[in-house]
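Chains as they are written, first to last, in my numbering: chain A, 1 to 437; chain B, 1001 to 1557.
Reviewing the structure listed below.
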C-alpha cells in the first residue's frame, strides 16, 4: 500500500489570515474602542507593543439551536461510584451554583462575557491611524533617477537569456513548425519502422524494393526538411520586457521642535513626547524612509539626539524663533525641498519673549510654511493650567501670534492638557474630514 | 546492529518511513486492518493552529468565525494554557494525517499508528462513513466550495455572503439528514409504477363512481393550493433538515445564496458521522495504537525508553477521572472506547459465564480482531454501547445512573453496577449517545404558502429538555432572514402538549419580489448581528423586537 510523506513545514503559514481579517472587520468598533483606550493608558515608549483586545461576547456570538443546561429530565451515567446504592437520593445544588458538574459540559462560549485576543502591531496601527491621512502625501516632483522601479511591460523579441519567456517562445515555435510543415517525430518513426520491416524481408520482390526505395527517399527528404526548418528558430524567441519607471518621492523628514526651558515640566515634556511618537509612527507607515531631526531650544536652538531631546533639562529663557531658524538652516543644508517631504511638529508651553513673537510669526509664514507639507503646533499645559487656558481669551503669547496663521491648509494648532487628550488632538489634526473641509 | 527502528528521540524521514513500514506490517498483516492509502504531512505548530481554525481541513472557505477560533486557540497556546493536538486526520482518500514536527519519534510512531491506521480503518469501513461521506471527493468539493464562496464575495461583497453563511452556520446542526434519505425511484421504476397504477385503475374501473356528487374532500393532489395542507405535497413535510428545506423552498433566496446553504449543508453532513461515532472512532484508534506499540516493543523494534514514553502519553489519553474528581467533565470517549475494545478482546478470548449470557455472539469466539472489525464496521456509538457494554466493564468503571428530573428537588441514583442495574445502566449510557437525544429534534412542519407564508417549526422536546432560549431566539432570526417571512417555533412535550412558542412575525405588505441587494449598503458594524430582512418590519419594540413568547405551561423556561 502506498504511503507518502509530505513536508509541509515550508509552506507559508498564515493560511487563516483572511479569516482573521474578516473577524477583525466584524469586531472593528470594539477593537477601536480598545485601541483608543490603550493609547491613553499606555506607558511611554510602549506604543509599539502588542495590544490585547477584549470584545463583548454577544457581538461575535455564534448561536445554535441547542439544549439548555437546565430543565427537563436528564439521566446521566457517571463513572466512579463509591457508596451509592439504587434508590439513594442526593440534594441538588442550589440554582446559581453553576448547575452542578453533571451538566453536559458547558457549550462553547456560555458564561464567557468577553472574548480576548491579541492584535499584531500592524493591525494595531491600522486601527489607530484609520481615517487619518497625511496632507500632500508625496511631492509632485519626482526624485532623481536613482529611485526607478522595474515593472513588467509585455514581451520583446530580444533580451537577456534570464528573461526568456519559455511559454511564449514555445508557442511561437509550435505555430511556426505547424505552418511550415516540419515533419513530426511520429511520422519519422513510422517511416523508420516501415523501412526496418522492408529491409528485413529477404528476398524482396520488385514491388517491395520499389516501396523501400520510396521510403528511403522520403526519409531523406524528411530529414532534409527537418534540418531546414529548425525546432526553435531565433524568430520564435520572446523575452519578458521590463520597463523602468521613476518612483515618486517616498521619503520624509520630521522635525521635532521643543521648548526645554525651565517652564516646561516633565509632565509637559511627556505629553509632547507622546505626540511626537504618534507622529513618527504615523509617518513611518506612510513613507518608506523617515528621518527625524530633534531641535530643542531655550534662548538658542540646537540639534540633538533623541535621548538628550527628551531627558536632559536646561534652564533659561525662551526664544522660539531660534528653533525655527535652526530648522530652516538644517533644511537648507541637508534636506533639499524638492526631494523631501517635510513635516514639523512644535511643542511648547506657549512662553516666549514678547519681542520674539512677531519674529516667530514672520519666520513661520514666510520661510517655514512654504516648504513644509504640514506644520503642527501643539501647546502643552499642566492639568493645573487647564482651567485658565480653557477659555479662548486666556491664551499664551505664542498662541496669539500663531493664531493668525491658522487659515492655511498646512498649518494646525491644538492645545493638550492631559495624556488622554493626546490621541484625540492628533486625530483631529490629521483626520480626513478636517483636510477635506 | 540492533533491531530498533529508531534510537534517538529525534525523527528523520528515514526513521519515519522505517517505522511506518513496521507499523503497516502489524496493522495490515497481523490485525487485518483495511485502511485507505496514507498521506502523512509534516507541519509546524503555527500550521497546526491554522489547521485548527478550519476544522482541520486542508482547504476551507473563509469566514470570520474561523478567525475567531484561531484567535482563541492561539491565545490559549501562546499563554501555555493548552497544548496542540499531536495530529489531525482527515477522512479522505488518500487519508491525510497531519503530524507535528515538534513530536518525538516515539510520538510520531504513536500518531501514525493511531491516525494513519486506527482512524483510517474506521473511516474506510464504518457504515455511516460509507453511506454519508465521500472520502475521494471531499477535498475537491472543499476546493470548489472555497472557490465558489470567494467568487461570491468578489461579486456580491463580503457582507451579503457573510450574512448567509452566519445564518447557515447557526443551522448546521439541523442541516443534516439523520437517516438515509428515501431513495429516489429511478426512471424505470417510476414508469413501472405508473403503469401498474394505470392497470389498477383500468382493472377496477366502474362508471358508477362518476355519478357521485363531488364531496369537497381534498385530494392528495390539492397540495399547494390548500391552505390547510400547505405545500405538503411538494415539500414533503415534515422535513428535519432545515437547511435543505430553506435551500429548496425559501421564496426569497437567490440562486447563489441557495448554493451557499447547500455547501454548508454538505459539509455538515460530511462531519455528521464523526459526531455519532466519537467513542467508537477514538476507541478504535486508541486500541490500534496500543496494540501496535506493544507489539513493536515485543518484537524488539522500539526501546524500553520509547515504550515508557508511549505509555505515559497513552495513560494520559485514556485517563477517566471519577465523577467526584475535580477534573471530571463527563465520560472521556478515548477512555470509554479503549476500555470497551479491550473488553471485547477479553470476552472473545477468555469469557466468563456472565459474558456468555450477556454477549453470546462474541463470547469465546477466539478471534478478537474479527469481532472488533465487525463491530467497527456495523455500529455507531449508541448501538455499539447497547450491544457490547459488558457487566464486567460496568463494574470496572463503577458506572451508575443518576436521575435529574425537573420535578424533583433531589437527584436519584436509579441504577448501579449490580445485577438489577446492568441493563438499565447500559440502556441509559447508550441513550446518552443517541444523536436524537443530543441535538434538539426540530422539524419544519408547515409553510403557509397561501396566506402569510409563515414558516412553522416544531421542536419535539426530548425528556422535556428545553432549548437554550437566547440562542434559540437569535437562530430564529436567522431562519426568518433566510425564509424572508415570519417564523414560529413551537415546542411540544412528551404528550404533544405545547410547552413554549417563539414567534417572529412579518408585518405589513410583503413585496412579491425580494428586494434587490443593491438597496443594501452593508451592515452596520458593531451592533448585534443583523438578523432581519431590511424591508420587513417585525412587530414589537425594544431589545427583543419582533419576538414574542407564549408560555402555556409554567414549569418550563
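Just so it is clear, CB atoms sit at the ideal spot from N, CA and C, and this is done for glycine as well.
- Against chain B, the CB of residue 34 of chain A has no partner CB under 8 Å away; the residue lies outside that interface.
- Beta-carbon to beta-carbon, residue 1285 of chain B and residue 1491 of chain B are separated by about 38 Å, too far to satisfy the 8 Å threshold.
- With a minimum length of 3 residues, the unbroken runs of beta strand (DSSP E) contained wholly in the segment 1431-1490 of chain B fall at 1441-1447 and 1455-1460.
- Comparing alpha carbon positions, the residue from B/1199, B/1431 and B/1390 closest to residue 1359 of chain B is B/1390.
- In this chain, the beta strand (DSSP E) harbouring residue 78 of chain A covers 74-78.
- Within the same chain, and ignoring the five residues on either side of residue 287 of chain A in sequence, the residues whose Cβ sits closer than 8 Å to its Cβ are 250, 251, 252 and 341.
- With respect to chain B, the C-beta atom of residue 16 of chain A has a partner C-beta closer than 8 Å.
- Our two residues, residue 1108 of chain B and residue 1049 of chain B, have alpha carbons roughly 18 Å apart in a direct line.
- Sorting B/1278, B/1106 and B/1169 by C-alpha distance to the C-alpha of residue 1302 of chain B places B/1106 at the top.
- The straight-line gap separating the alpha-carbon atoms of residue 1423 of chain B and residue 118 of chain A is approximately 51 Å.
- Between residue 1021 of chain B and residue 1343 of chain B, the alpha-carbon positions lie close to 28 Å from each other.
- Sorting A/374, A/320, A/401 and A/277 by C-alpha distance to the C-alpha of residue 125 of chain A places A/277 at the top.
- Between residue 239 of chain A and residue 160 of chain A the beta-carbon gap is near 7 Å, inside 8 Å, which marks them as a contact.
- Under the 8 Å criterion on CB atoms, residue 1469 of chain B is classed as interfacial with respect to chain A.
- Residues of chain A with a Cβ closer than 8 Å to the Cβ of residue 1465 of chain B are, in chain order, 67, 68, 71, 72, 73 and 74.
- Residue contact with chain B for residue 63 of chain A: present (Cβ-Cβ distance below 8 Å to some residue of chain B).
- Taking 8 Å as the threshold, the shortest C-beta distance from residue 26 of chain A to chain B falls below it.
- Positions of the alpha helix (DSSP H) runs, each at least 4 residues long and wholly inside the segment 1056-1101 of chain B, are given as 1064-1078 in order along the chain.
- Beta bridge pairing from DSSP links residue 1114 of chain B with no other residue.
- Using a 10 angstroms sphere on the CB of residue 1080 of chain B, the tally of other CB atoms stays under 16, which defines it as exposed.
- Relative to residue 1394 of chain B, the option among B/1409, B/1380 and B/1415 whose CA is nearest is B/1415.
- The DSSP-derived three-state label of residue 4 of chain A is strand.
- For residue 122 of chain A, no Cβ of chain B is located within less than 8 Å of the residue's own Cβ.
- Going by beta carbons, residue 1405 of chain B and residue 90 of chain A fall outside the 8 Å limit.
- The beta carbon of residue 77 of chain A sits closer than 8 Å to some beta carbon of chain B.
- Contact annotation: residue 1465 of chain B and residue 80 of chain A have beta-carbon atoms that are not nearer than 8 Å.
- Contact annotation, residue 75 of chain A with residue 1403 of chain B: C-beta distance approximately 6 Å; criterion of less than 8 Å satisfied.
- Neighbours of residue 1147 of chain B across chain A, judged by C-beta separation under 8 Å, do not exist; the nearest C-beta is about 13 Å away.
- Annotation for residue 429 of chain A: 376, 412 and 414 place their beta carbon closer than 7 Å to its own, counting only its chain and skipping 5 residues before and after.
- By the Cβ neighbour-count rule, residue 1014 of chain B is exposed, with fewer than 16 other Cβ atoms within 10 Å of its own.
- The DSSP-derived three-state label of residue 213 of chain A is helix.
- Among the residues of chain B, none has a CB under 9 Å from the CB of residue 126 of chain A; the nearest is roughly 15 Å distant.
- By the criterion of at least three beta-carbon pairs nearer than 8 Å, the segment 1320-1336 of chain B is not in contact with the segment 1263-1274 of chain B.
- Annotation for residue 1039 of chain B: no alpha helix (DSSP H) segment contains it, though the beta strand (DSSP E) segment containing it runs 1038-1043.
- 1320, 1321, 1322, 1323, 1324, 1325, 1328, 1329, 1330 and 1331: these are the residues of the segment 1314-1341 of chain B whose beta carbon lies less than 8 Å from some beta carbon of chain A, given in chain order.
- Annotation: residue 1199 of chain B to residue 1191 of chain B spans about 12 Å, alpha carbon to alpha carbon.
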